[in-house]
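Chains as they are written, first to last, in numbering that gives the first Met the number 0: chain W, 0 to 423; chain P, 0 to 395.
All C-beta atoms in this analysis are idealised placements derived from N, C-alpha and C, irrespective of residue type, glycine included.
Below is one structure, written out as structure tokens; comments come after it.
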Amino acid sequence: MAIPRDRQGRPIVVVTGIGVVTSLGAGKDDNWRKLTAGESGIHSITRFPTEGLRTTVAGTVDFVPVEEMSAPRMSERLAEIAAEEAVAQSGIGSRGNFPGPLFLAVAPVEIEWSQRMEVAKAAGANGTITYDDLLRVSAQFPNYHDRFMFGSIADRLAGIFGTQGSPISLSTACASGASAIQLGVEAIRRGETDAALCIGADGSVNAESLIRFSLLSALSTQNDPPQAAAKPFSKNRDGFVMAEGAGALVLESLEAAQARGAKILGVLAGCGEMADSFHRTRSSPDGKPIIGAINNALEDAGLTPDDIGYINPHGTGTPENDKMEALGVMNVFGERAKSIPMSSNKSMIGHTLSAAGAVEAAFTLLTLANGRLPPTINYAVPDPAIPLDVVPNAARDADVKYAISNSFGFGGQNVSLVLAREPA
Amino acid sequence: MTDAARDGLITGIGIVSCLGEGPDAHWQKLMAGETVVDATSFAPYPVHPLTPLDFDKQIPKKGDQRQMEPWQRIGTYAAGLALDSAGIKGNADVLSHTDMIVAAGGGERDLAADSGIMSALPTAANRDALLNEKLMSDLRPTLFLAQLSNLLAGNISIVHNVTGSSRTFMGEESSGIDALRIALARINAGQAEVALAGGSYSAERKDQLMLYAFGDMLLKGEEAPVWARGPKGGLVMGSLGAFLVIESRAHAQARNAKAFAKLSAVMADRSSRQGDPVAPSLRAMWSKIAPGVKAGGAAILSGAAGAEPATSGERAFLNEHPDIPVRATGSYIGHAMEPSFPMNVALAALALNHGKLFPPRDTTGFEKPMAGSLTQVAVTGVGYWRGEGLALLETA
């Protein structure tokens with residue numbers, strides 16, 4: 000049998016395992032059922048007091064208990080849940096021995112106020128407490144060292160799943176999950192490995208992280224009811240809703256997957272990226288980097304805009320993102336843009352930040368496989384500047400072969416993935 | 000194997016550290032066996048301070064500088080030096096397809112704001128409410144962007160217009176090793192033509208030192224060369240920035256670029272760090288380049304951090320190669336986590352470009368002089384806590 004290659008002569012990269020956890024639940028079945036029913040996972044925050052905050056809602060994952068709560072601890076646990084599901088479904092390797100590298104998209108790690116105050120308390124200073132006081136007693140907290148190294152989450156996951164080589168932790172801000180998948184695709188195409196475990200995870204909703212986004216005016220402040228806060232592409236959209244979750248994909252070369260008789264769940268047909276040099280948080284007004292990322296992904300997949308039947312947008316619900324994304328899509332797809340369904344998962348699960356690219360790639364694969372488009376909920380006031388089919392408020396069936404998943408982030412990050420239902 | 004056109008050449012070096020700015024300043028200080036130590040500002044921890052820089056030279060807009068914390072300014076500055084060095088600064092055509100991989104930490108705090116909150120909370124009636132209130136009022140809105148790991152890359156895009164792609168790896172030393180490994184692999188495989196890879200670190204910060212003080216990892220008292228830190232060892236952190244322009248031989252030749260050295264191999268691994276893992280990990284990587292290494296013209300630049308047991312583990316490996324002279328760069332510039340490996344690869348390229356090795360800065364006699372001409376340099380990167388890496392550079 001001929002070795003399966005894509006049009007550029009590279010190994011075809013397929014998906015043989017999918018795992019996902021969001022505020023809607025753990026596991027792709029539960030998530031898919033709620034997503035296509037138009038359910039929201041956004042709720043009032045109970046993890047920490049929200050007194051004095053402009054935004055009091057989020058898509059936190061409250062049903063996963065963790066000890067010694069911190070963002071890295073929560074992110075690690077969410078990553079583990081998603082990866083367990085994906086690896087089990089793929090049936091690849093053996094327990095604790097995954098035959099490929101780990102690419103982990105994760106929020107930057109930092110110590111938080113609960114730990115900082117613990118150290119401050121141990122310092123026993125009266126009145127003004129400074130970092131000199133903290134440094135004096137830091138050595139009493141060896142566990143904080145192991146927990147708050149940037150590489151600690153990937154290190155632990157590499158140990159649990161037995162991935163090969165050096166695990167890569169990466170951040171391209173809110174495009175991180177897509178970048179993790181892109182790194183896996185590239186490694187398989189280079190022939191370095193037959194498989195890769197790509198995870199995006201984010202469990203970083205705490206007071207300071209929420210306040211940071213709030214101070215940048217990025218968050219919705221329409222707290223009541225919480226389920227209606229995320230309103231992508233609506234005229235009255237007023238920001239994104241922070242959320243937690245994880246998505247994991249087992250990627251394999253088609254050849255390796257076929258050789259072991261694995262079920263093919265979908266294809267990673269193309270990846271495209273382009274950096275934006277315009278501004279730290281805003282897109283270039285001409286949309287060039289967004290357009291470039293989508294076109295690069297199409298070119299990488301050997302496809303044209305006419306091949307695409309569905310778009311899973313970044314669709315955060317901020318005035319800026321949705322306007323610029325729509326501009327980019329209308330530029331790439333021209334008149335056809337109006338008839339390509341484009342629905343935002345974030346209307347229901349919120350913005351899972353570092354995980355979003357991976358979570359939404361997983362949902363896009365489910366969309367292709369099930370032939371059903373999840374809706375954009377909370378779509379009550381159309382924005383005339385965005386004359387697109389956002390699959391308003393109710394799921395519907397559609398026979399789609401190729402889809403695009405967009406992810407954009409602060410710092411000029413733009414990544415687009417092209418996903419296919421089955422190998423060409 | 001890759002054909003010669005897909006070789007990865009180092010055509011640009013941008014480095015700043017306690018030794019100075021740029022390749023020449025570094026070479027002079029290395030040849031003089033000098034270092035710079037600040038023993039008092041962060042006592043009991045000595046650090047290697049960044050040489051004074053005129054940031055305007057690489058970051059012309061004050062507004063841009065204000066949007067960055069020190070590590071981002073250092074990195075954006077070093078990236079600019081690398082682009083200058085490669086002759087592609089301002090070359091919109093090349094920069095639009097330059098793929099960037101940045102190794103970054105981040106999380107630099109507003110120390111005064113933190114101190115105010117820490118001081119106020121213990122006596123507050125409602126600590127949670129006060130924390131929210133203080134964070135809402137005391138955090139500078141743009142501070143978040145100066146803390147985010149991927150915003151070093153973001154700032155490089157904005158200031159230097161590098162727009163091919165932008166990826167940020169995190170995770171201490173391994174992030175720097177993997178940044179170069181992935182950049183080279185993509186070039187070798189034809190997935191990229193030209194890459195800007197590196198990172199930066201500001202050691203002169205109490206919030207950053209605290210992370211390693213948690214693990215009791217920092218050397219206390221007087222600075223000492225890496226091999227002379229005794230059985231407990233210890234890190235001496237150094238502020239530095241290091242970026243490399245790596246490009247395919249085909250791309251470099253097409254624009255008549257001069258190469259400092261050829262980056263022949265970059266490998267990375269993660270041993271469990273149970274028992275005695277560092278030497279076997281290095282040995283396994285070494286076995287892949289060993290057939291091509293010729294004793295006599297080869298040297299090893301060690302990125303040994305000085306922390307134990309990692310540095311003893313590396314030393315066990317180095318002892319197996321008594322015919323190859325070793326230099327621990329940490330004895331000159333300190334240890335800097337994410338950018339350490341890119342910096343050491345830059346120094347290796349610099350030494351190859353000069354065709355000789357710089358003298359030891361070692362009081363133990365472990366580092367031997369090298370008189371002959373230098374044609375190959377292996378660079379080790381052993382994470383003080385996790386991760387191992389090895390690179391091979393050769394005369395271009």
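By alpha-carbon distance to A370 of chain P, the top candidate from P:P359, P:T363, P:R254, P:A377 is P:P359. DSSP, reduced to helix, strand and coil, places Q257 of chain W within a helical segment of the structure shown. Annotation for I245 of chain P: the continuous beta strand (DSSP E) segment containing it runs 239 to 247. Below the 8 Å Cβ cutoff, chain P contributes no neighbours of R259 of chain W, its closest Cβ being approximately 25 Å away. Going by beta carbons, L156 of chain W and E50 of chain W fall outside the 8 Å limit. The beta carbon of R228 of chain P sits closer than 7 Å to the beta carbons of L218, G305 from its chain, once the five residues preceding and following it are set aside; these are given in chain order.
Residues of the stretch 60 to 92 of chain P with a C-beta less than 8 Å from any C-beta of chain W: Q66, listed in chain order.
Shown here for R135 of chain W: same chain residues with a beta carbon closer than 7 Å to its own, the five before and five after excluded, namely A122 in chain order.
V417 of chain W and G265 of chain W have their C-alpha atoms some 11 Å from each other. DSSP places N311 of chain W outside any alpha helix (DSSP H); the residue lies instead in the beta strand (DSSP E), whose first and last residues are 309 to 311. Counting only runs of 3+ residues, the beta strand (DSSP E) found wholly inside the stretch 83 to 107 of chain P occupies 97 to 102, in chain order. Annotation: T379 of chain P has no Cβ neighbours in chain W at a cutoff of 8 Å; minimum Cβ distance is about 14 Å. In the structure shown, the three-state DSSP call for E272 of chain W is strand.
Put simply, the backbone Cα of R32 of chain W is about 10 Å away from that of P373 of chain W. Look at S165 of chain W here: in three-state DSSP terms it is coil, with no helix or strand label.
Beta-bridge pairing by DSSP links A306 of chain P to P:G232. Among the residues of the stretch 154 to 169 of chain W, those with a Cβ less than 8 Å away from any Cβ of chain P are D154, A157, G158, G164, S165, P166, I167, S168, L169, in the order of the chain.
Using a Cβ distance threshold of 8 Å, A179 of chain W and G199 of chain W count as a contacting pair. By the CB criterion at 8 Å, L250 of chain W and V358 of chain W fall outside the cutoff. Burial check for P48 of chain P: the Cβ neighbour count within 10 Å reaches 16 or more, so the residue is buried.
Secondary structure note for S89 of chain W: it is in no beta strand (DSSP E), and the uninterrupted alpha helix (DSSP H) holding it is 70 to 89. Taking 8 Å as the threshold, the shortest C-beta distance from L387 of chain W to chain P does not fall below it. Pairwise C-beta distances place the stretch 88 to 105 of chain P out of contact with the stretch 80 to 94 of chain W, as fewer than three of them are shorter than 8 Å. One alpha carbon belongs to T162 of chain W, the other to R269 of chain P, and they sit about 10 Å apart. Listed in chain order, the non-local C-beta contacts of M329 of chain W below 6 Å within the same chain comprise A336, local neighbours out to five positions each way being set aside. Taken through DSSP and simplified to helix, strand or coil, V292 of chain P comes out as coil. Rounded to the nearest whole angstrom, the C-alpha separation of T45 of chain W and A70 of chain W is 16 Å. Contact annotation for W384 of chain P against chain W: M148 [CB-CB distance below 7 Å, chain order]. Counting C-beta pairs with one atom in each stretch, the stretch 206 to 218 of chain P and the stretch 199 to 216 of chain W have fewer than three that are closer than 8 Å, which means they do not touch. The continuous beta strand (DSSP E) containing R326 of chain P extends over residues 325 to 327. In the three-state reduction of the DSSP assignment, R126 of chain P falls in the helix class. Contact of T167 of chain P with chain W is assigned, a C-beta pair being separated by under 8 Å.
Taking 8 Å as the cut-off, the beta carbon of G327 of chain W is found no closer than this to the beta carbon of A300 of chain W.
Residue contact check for L147 of chain P against chain W: a CB pair falls below 8 Å. Around the beta carbon of G99 of chain W, a 10 Å sphere encloses 16 or more other beta carbons of the protein chains shown; the residue is thus reported as buried.
Taking C-beta separations shorter than 6 Å and ignoring five residues to either side along the sequence, the partners of D37 of chain P in its chain run V46, P48, following chain order.
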